[in-house]
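Visitor:
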Amino acid sequence: GKLHFKEGLKEAGKREVLEETGIKIKELGESISVSNDSVPDKHFVTIGFLCTGFEGEAKVMEPDEIVDWKWFDLNNLPSPVFPPSEKIIKNYLSKKIYQDD
1 GKLHFKEGLK EAGKREVLEE TGIKIKELGE SISVSNDSVP DKHFVTIGFL CTGFEGEAKV
61 MEPDEIVDWK WFDLNNLPSP VFPPSEKIIK NYLSKKIYQD D
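Okay, so the sequence shown: first residue is 1 according to full-length UniProt numbering, each after it adds one.
(1) Check whether the segment 57 to 64 touches the segment 22 to 30, counting contact only when three or more Cβ pairs, one atom from each stretch, lie closer than 8 Å.
(2) Assign S85 to one of two classes, buried (16 or more other C-beta atoms within 10 Å of its C-beta) or exposed (fewer than that).
(3) Over the uninterrupted alpha helix (DSSP H) stretch that includes S85, give me the two end residues.
(4) Express the C-alpha separation of K95 and F44 in angstroms, rounding to a whole number.
(5) Just mark N76 as buried or exposed, buried being the case when its beta carbon has 16 or more other beta carbons within 10 Å.
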């Protein structure tokens with residue numbers, strides 16, 4: 001997702017999770033990952049936060065983009081993993097915040 005004008009990072013994270021999954025984030029903890037990503041015609045800065053509390057169950061909110069939501073152990077993820085999500089997970093597990101590659 002993207003930031004709305006004058007929106008805070010944590011506020012945007014909570015909004016995006018609600019819009020995409022129906023889950024209401026109660027508490028977002030510290031930033032656990034920042035990555036600088038680009039594809040031929042776009043540039044993204046991806047920021048991951050540790051969620052420390054939520055309510056609700058994940059449901060398909062965007063059926064044109066998502067078929068189903070499932071929970072997986074971080075060490076037993078199916079392939080392929082969405083590349084920006086893979087960087088967030090890699091940074092979190094290695095306790096490395098920033099990745100610029």
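Cβ atoms here follow ideal geometry from the backbone N, Cα and C, with glycine treated the same way. Bear in mind that the values here come from a model prediction, so they are computed numbers and not experimental data.
Guide: Answer, in terms of the structure:
(1) The segment 57 to 64 vs the segment 22 to 30: in contact.
(2) With fewer than 16 other Cβ atoms within 10 Å, it is exposed.
(3) Run containing S85: P83 to S94, per the alpha helix (DSSP H) assignment.
(4) Whole-angstrom Cα-Cα distance: 21 Å.
(5) Exposed, since its Cβ has fewer than 16 Cβ neighbours within 10 Å.
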